[in-house]
Each structure stands twice: as structure tokens, then as C-alpha cells.
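In the numbering used here, the protein residues as written are 547 to 913.
For each residue, glycine too, the CB sits at the ideal point set by N, CA and C.
Computed from a predicted structure; not experimentally measured.
A short worksheet on the structure shown next.
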């Protein structure tokens with residue numbers, strides 16, 4: 547047989563901030579990533595899109611996943627893996643340039659994820675993720691994967707039943723799995739809005755503000771209106787840059803919510819914002835029909851949908867990351883491009899982990 551079938555990423559500028567087009571192709575893996583060449587083909591346009599223990603090991607996971615148009619069965623227990631020795635995640639081909647214009651290498655990415663691991667691991671522990679890889683650098687095609695074959699025995703996984711089969715999502719419950727992904731050139735991490743063992747109960751609601759012709763200025767206006775709306779409902783949102791042009795607002799939720807309720811509430815928020823700011827923002831998905839307005843995307847609140855994780859890198863020159871913000875920073879003066887691989891340490895020294903409170907203060911949606 548030939549090389550495995552893969553979902554190849556073709557970025558399109560007019561499809562929206564975090565929208566990508568996928569086509570099925572056969573990959574020729576780069577040498578150091580050749581053991582991680584399996585994935586599930588994806589043909590349709592889609593989103594690429596309190597602190598728990600970070601100990602290494604796996605927990606028994608049960609739950610459900612629903613694909614956009616089909617019922618899906620419950621998850622099985624995550625595969626039991628060997629307890630890793632310290633430093634099992636090794637960097638290989640560290641001098642490979644992944645960001646050609648800036649010269650940033652795989653070693654730079656590896657060091658970035660090591661630096662951010664204490665902040666990112668509590669967010670991702672027991673949460674299924676999908677990844678975007680650029681084994682030959684961001685100037686070459688990238689690949690969107692739910693699972694990676696050739697995963698070492700010490701990397702824990704969550705086995706999730708999809709429509710046709712079960713897939714093993716890497717469980718980033720410690721630094722070692724995160725660094726292993728970094729060595730696979732997995733630049734961008736997309737996380738579920740729920741975690742095991744209750745995958746059917748989202749613990750976040752996500753609002754994605756995707757700018758149109760008004761750019762960042764419109765993002766700020768709509769984001770502040772969203773904050774006001776959330777406060778009226780007794781909810782608290784945590785803003786973060788998308789790592790591109792837009793803004794994500796994550797609302798932490800107490801246990802017990804269903805995806806149906808969360809999706810309905812997200813839709814209601816988007817509609818309320820459209821009613822208030824219809825000249826700036828719209829819920830219309832079609833690009834031409836938006837007429838240059840900001841897109842209020844509430845669609846990532848369904849089972850199995852994902853959002854780019856806080857602190858995740860994006861495949862843009864200068865290696866921007868999805869940066870948690872203070873609400874006082876959400877102003878027209880802010881340039882999201884200032885948050886990148888090279889400025890992470892300075893950012894953390896200045897403000898610390900701004901997303902940590904989101905893991906400690908969940909709330910219930912109003913009835």
C-alpha cells in the first residue's frame with residue numbers, strides 16, 4: 547500500500563480567521579515524523595478551530611462524542627501506558643526550520659512548549675485534542691490529525707468512539723506528552739470543550755469573534771459588548787487572542803451542562819449581540835453575505851468541536867500564540883501580533899498565567 551491517507555490543510559484567507567479547507571491526499575512523511583503518519587481523512591470545510599492534577603498516567607474515561615451529523619457512541623477507557631521516566635520526550639532534527647521568514651526552528655518550538663507546559667497541561671489534562679502538524683515547516687502543506695500512530699507506550703491516550711471507529715487522542719496530562727507532540731512538529735493544539743470522564747458535559751462555552759473589514763477595532767467593540775452581556779447574566783468570560791486576527795472568549799461552566807444547552811445559549815448570545823450591533827457583527831456564516839461585518843461564531847459548542855487552546859502556537863510567521871488577556875487589555879491599541887514565541891517569557895514575567903482563574907471559577911448558565 548502507499549502512504550497513508552491524510553487530511554491536507556490548504557489555508558484560505560477568505561474563508562475566515564480559523565477556517566481551513568481540507569482535501570484527501572497521500573502524505574510523504576518527513577524523516578523524523580514518519581512513524582506518525584496516520585490520520586482520519588476529512589473532506590469538508592471545518593474548523594482546523596479548578597486546575598486538575600498534571601501527574602503522568604491515565605484515568606478511566608467514559609463519555610460521548612457526537613459528530614456534526616451523526617450519533618456517536620461512548621468513549622472507552624484510555625489506554626494504560628507506562629509511567630514515563632523523566633526526559634523521555636527527546637528533540638530530534640532540532641535545526642529544522644519551521645518558520646522560514648523568521649528562521650525559527652523545531653528546537654525553538656520544543657523550548658516554547660517546555661516553557662509553557664506548567665500553564666498548558668492543567669488546561670489539557672484528560673481533554674481530547676486534535677493537532678495541526680507542519681513537519682516540513684509552515685511554507686509546506688500542514689496536516690490536521692485526531693490521532694497519531696507510532697505513539698510511544700509512555701504517551702497516554704483517550705480512546706474516543708467516532709462514527710466509524712475509535713480514535714486515540716493524545717492525553718496531554720504532563721510535560722512529556724506535550725514535548726513529544728512538539729517533536730512531531732504539532733504546532734497548533736485544538737481542544738475539546740469537555741474532558742474525561744464526562745465528555746458529554748462541556749466545561750466551557752466558546753465565542754469566536756472573527757473580524758471582517760473593520761479589523762481589530764470591531765473585535766474590541768463586540769468583545770466589550772459581549773462582556774457586558776455576560777455580566778448581566780452573572781457569567782464571566784476569559785478573552786484570549788486567536789493567534790491570528792480574532793478573539794476567543796471562553797466562559798467556564800460548572801459540571802452538569804449538556805452540549806445542547808451550551809450550544810443553545812451560545813446561539814442566544816450571538817443573536818443578542820447581532821441585535822445590538824447589527825451594523826458591525828452578524829451570525830450569517832456566508833462570507834459574501836456578511837458584507838464585511840464581524841462574524842459571531844457560536845458553532846464550536848457542539849460535541850466533538852474544538853477551539854484553539856490557550857498558549858497554543860499558530861502557523862504564522864513570527865509564531866504567534868493564543869494569548870490570554872486581561873479585559874483591560876482589550877483595546878484598540880492592542881496589537882495581537884506582539885504575542886509570539888519570542889515574547890512569551892516577557893509576557894509571563896509581566897502578567898503571569900491569566901487563564902488559571904478560568905479553571906477555578908466555573909458558573910452555571912441561567913435557566
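Quiz prompt | Integer-rounded CB distance, given that residue 798 should sit under 8 Å from residue 907 | solution = If you number the chain shown from 1, residue 907 lands on position 361. If you number the chain shown from 1, residue 798 lands on position 252. Contact flag correct, Cβ pair sits at about 6 Å.
Quiz prompt | Whole-angstrom distance between residue 845 and residue 750, CA atom to CA atom | solution = Numbered from its first residue, the chain shown carries residue 750 at position 204. Numbered from its first residue, the chain shown carries residue 845 at position 299. Those two C-alpha atoms are separated by around 13 Å.
Quiz item: Using the rule of at least 16 other Cβ atoms within 10 Å of the residue's Cβ for burial, across every protein chain shown, is residue 854 buried or exposed?
Solution: As a position in the chain shown, residue 854 is number 308, starting the count at 1. Label assigned to residue 854: buried.
Quiz item: What separation, rounded to the nearest whole angstrom, lies between the Cα atoms of residue 681 and residue 658?
Solution: Here the question's residue 681 lines up with position 135 in the chain shown. Here the question's residue 658 lines up with position 112 in the chain shown. Residue 681 and residue 658: Cα-Cα distance of roughly 17 Å.
Self-check item: Cβ separation of residue 683 and residue 645, assumed to be a contact under 8 Å, to the nearest whole Å
Solution: Residue 683 sits at position 137 when you count from the first residue of the chain shown. Residue 645 sits at position 99 when you count from the first residue of the chain shown. So it is a contact: roughly 7 Å between Cβ atoms.
Self-check item: Burial state of residue 843 (16 or more Cβ within 10 Å)
Solution: By one-based count along the chain shown, residue 843 stands at place 297. Answer is buried; the Cβ neighbour count reaches 16.
Practice problem: Might you give, ordered along the chain, the residues of its own chain that have their beta carbon closer than 8 Å to the beta carbon of residue 503, omitting 5 neighbours on each side? | Solution: Residue coverage of the chain in this structure runs from 547 to 913, which leaves residue 503 outside it and unanswerable.
Quiz item: Just reading off the beta strand (DSSP E) that residue 732 is part of, what are its end residues?
Solution: In the chain shown, counting from the first residue as 1, residue 732 sits at position 186. Taken as a continuous stretch (DSSP letters only), the beta strand (DSSP E) holding residue 732 covers 732-738.
Quiz item: So which of 812, 696, 901 has the shortest CA-CA distance to residue 669?
Solution: In the chain shown, counting from the first residue as 1, residue 669 sits at position 123. The shortest C-alpha separation from residue 669 is found at 901.
Practice problem: Locate the alpha helix (DSSP H) running through residue 685, then write down its first and last residues. | Solution: Within the chain shown, residue 685 is the residue found at index 139, counting from 1. Taken as a continuous stretch (DSSP letters only), residue 685 belongs to no alpha helix (DSSP H), as it is neither H nor E.
Quiz item: What is the C-beta distance between residue 758 and residue 836, in whole angstroms, given that I count them as a contact (C-beta under 8 Å)?
Solution: Your numbering for residue 758 matches position 212 in the chain shown. Your numbering for residue 836 matches position 290 in the chain shown. The Cβ separation is near 6 Å, so the contact holds.
Exercise. Look at the alpha carbon of residue 874 and the alpha carbon of residue 767, and state the distance between them as a whole number of angstroms.
Key: One-based indexing of the chain shown puts residue 874 at position 328. One-based indexing of the chain shown puts residue 767 at position 221. Whole-angstrom Cα-Cα distance: 13 Å.
Exercise. Identify every run of the beta strand (DSSP E) within the region 738-783, keeping only runs that are complete inside it and at least 3 residues long; order them along the chain.
Key: 750-756
Self-check item: residue 905 versus residue 642 - alpha carbon distance
Solution: Reading the chain shown from its first residue, position 359 is the one you call residue 905. Reading the chain shown from its first residue, position 96 is the one you call residue 642. Rounded to whole angstroms, residue 905 to residue 642 spans 36 Å at the Cα level.
Practice problem: Count the other CB atoms, across all protein chains shown, that sit within 10 Å of the CB of residue 912; report buried if there are 16 or more and exposed otherwise. | Solution: The residue you call residue 912 lines up with position 366 of the chain shown. Classification for residue 912: exposed.
Practice problem: Could you tell me which residues DSSP pairs with residue 843 in its beta bridges? | Solution: Your numbering for residue 843 matches position 297 in the chain shown. For residue 843, which the question treats as bridged, DSSP gives the partners 754.
Quiz prompt | Spatial neighbours of residue 776 in its chain, beta-carbon cut-off 6 Å, leaving aside the 5 residues before and after | solution = Taking the first residue of the chain shown as position 1, residue 776 is located at position 230. Answer for residue 776: 783, listed in chain order.
Quiz item: Which residue from 675, 731, 826 puts its Cα closest to that of residue 713?
Solution: Translated into the one-based positions of the chain shown, residue 713 becomes position 167. Cα-wise, what sits closest to residue 713 is 675.
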